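K.L.:
Mapping of the sequence shown onto the working numbering: residues 46 to 369, in sequence order. For each residue, glycine too, the CB sits at the ideal point set by N, CA and C. Computed from a predicted structure; not experimentally measured.
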Amino acid sequence: MLKKLALVAAVLSVAACSPGTTTSAPQTRDSVAGQKLAFVPGVAGDSFYITMQCGIQAEAAKNGMTVDVQAPQQFDPSLQTPIVNGVIAQKPAALLIAPTDASALYPPLLQANQAGIAIGLVDTTLERADVAATSVSTDNAAGGAAAADALAQLVGDRGKVLVIAFKAGASTSDARQHGFEDRIKAHRGITYLGAQINDNDPAKAASIISATLAAHPDLAGVFATNQFAAEGTATGLRNAGKVGAVKVVGFDAGPVQIKQLQQGEVQALIAQQPYRIGTDAVDQIVAAMTGKPVTKQVPSGTVTVTQANLGDPASQQAVYKTTC
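#1: Counting C-beta neighbours from all protein chains within 10 Å, is the total for residue 43 16 or more, i.e. buried, or is it exposed?
#2: Compare the C-alpha of residue 342 against each of 101, 79 and 178 and name the closest.
#3: Looking at the structure shown, is residue 351 part of a helix, part of a strand, or coil, going by DSSP?
#4: Thinking C-alpha only, which one of 171, 367, 139 and 313 is nearest residue 191?
#5: Beta-carbon separation of residue 85 and residue 115 under 7 Å?
#6: So, helix, strand or coil for residue 365, using DSSP?
#7: Cβ of residue 376 within 7 Å of Cβ of residue 236?
#8: Using C-beta distances below 7 Å, list every residue in its chain close to residue 222, excluding the 5 sequence neighbours before and after it, in chain order.
#9: To the nearest angstrom, how far is the alpha carbon of residue 371 from that of residue 328?
#10: Using DSSP's beta-bridge definition, name the partner residues of residue 111.
#11: Near residue 383, what residues of its chain come up, given a Cβ to Cβ distance below 6 Å and the 5 sequence neighbours on each side ignored?
#12: Which value, in whole angstroms, describes the spacing of the CA atoms of residue 340 and residue 334?
#13: Taking the alpha-carbon positions, what's the residue 295 to residue 224 distance?
#14: Beta-carbon within less than 8 Å of residue 183's beta-carbon, same chain only, minus the 5 sequence neighbours each way: which residues are those?
#15: Could you say which of 354, 330 and 272 lies nearest to residue 94 if we only look at CA atoms?
#16: Can you give me the Cβ contacts of residue 80 inside the same chain, cut-off strictly under 6 Å, excluding the 5 residues immediately before and after it?
#17: Determine the direct distance from the alpha carbon of residue 330 to that of residue 76, and round the result to whole angstroms.
#18: Going along the chain, which unbroken runs of the beta strand (DSSP E) with 3 or more residues stay wholly within the stretch 140-225?
#19: Starting from residue 316 and walking both ways along the alpha helix (DSSP H), at which residues does that stretch end?
#20: Please identify the residue among 292, 285, 261 and 92 whose C-alpha is closest to the C-alpha of residue 197.
#21: Assuming residue 277 contacts residue 250 (C-beta within less than 8 Å), just tell me the rounded distance between them.
#22: In the DSSP output, what is residue 324 paired with across the bridge?
#23: In the structure shown, what three-state DSSP assignment does residue 120 receive?
#24: Ignoring anything shorter than 4 residues or poking outside the stretch 243-270, list the alpha helix (DSSP H) runs there in chain order.
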């Protein structure tokens, strides 16, 4: 019996010293206190990302972490990539980022991962998300489907409808478009005219509306996949004298969108929950940093807001902030 015990002890000793194993204990939750968390949103000044930032800062403060926010002036990977490179040079403990392109941001984020920075994706994602510990975002396909149902109801389940998508290659834009397209097929009285890209440019969205009305004066409805698409849609309809006649469903619920809803330029909004995305993302990245279980993908739902339900508590909670 003593010989057997000695043999077991020897085997365990060899295993403990073998290559590829670690003897260091995971960090405790308290160990994240004082560490820096970088947040790189998709674009500066957007109420959606400001609301998310509020959630990130509040949850980071609970963990004793500081937050450094750096944002590109446009939703553009060529502007966001240098920011990520600068973040890597500053060596924060963690990085939460909304990638502006599903493939272009992979190389710099791979470098961040290799530098030992814990990465969490928020709002948008990557084609290859293996560099990230977690991804927290709206179920954008479901949001697009909700937009299809809302628009179908507004147009009485018949007529021609159009999608204005804000950015080709952005995972959120693509998912909203595809979710809409998949659901609109169930509404057999509706003719889908397809999607056009406005590249986050309201003027371009307005031009798209003008050209579409010239070709299809009986246009019944539009799904504008973000604030800038909705702004341009409203301008194009205003110029054509079609506000209210052509129904519009927008995505997001910032001050501009709420004003559009109140003025009747938009008839429904698909609101996300960016504050919760921010808090959930911090919780997951702290878990990753401290060796606790991490949920790889954390979905968040949407709320359909109309003039009729704008005063409801659920709708009011969905309205985005401009300051924390």
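P.N.:
Working from what's here:
#1: Given that the chain is displayed from residue 46 to residue 369, the structure contains no residue 43 and the question cannot be resolved.
#2: 178
#3: coil
#4: 313
#5: yes
#6: coil
#7: Within the shown structure, residues of the chain are numbered from 46 to 369, placing residue 376 beyond reach of any answer.
#8: 189, 208, 210, 240 and 270
#9: The displayed coordinates of the chain run from 46 to 369. Any statement about residue 371 would go beyond what the structure contains.
#10: 81
#11: The structure shown does not extend to residue 383, since the chain spans only 46 to 369, so no value can be given for it.
#12: 13 Å
#13: 14 Å
#14: 168, 217, 317, 318, 322, 344, 345, 346 and 347
#15: 272
#16: 110 and 138
#17: 13 Å
#18: 163-167, 179-183 and 204-210
#19: Counting along the chain, residue 316 falls outside any alpha helix (DSSP H), though it belongs to the beta strand (DSSP E) covering 313-316.
#20: 292
#21: 2 Å
#22: Answer by DSSP bridge pairing: none, since residue 324 is not bridged.
#23: coil
#24: 247-260
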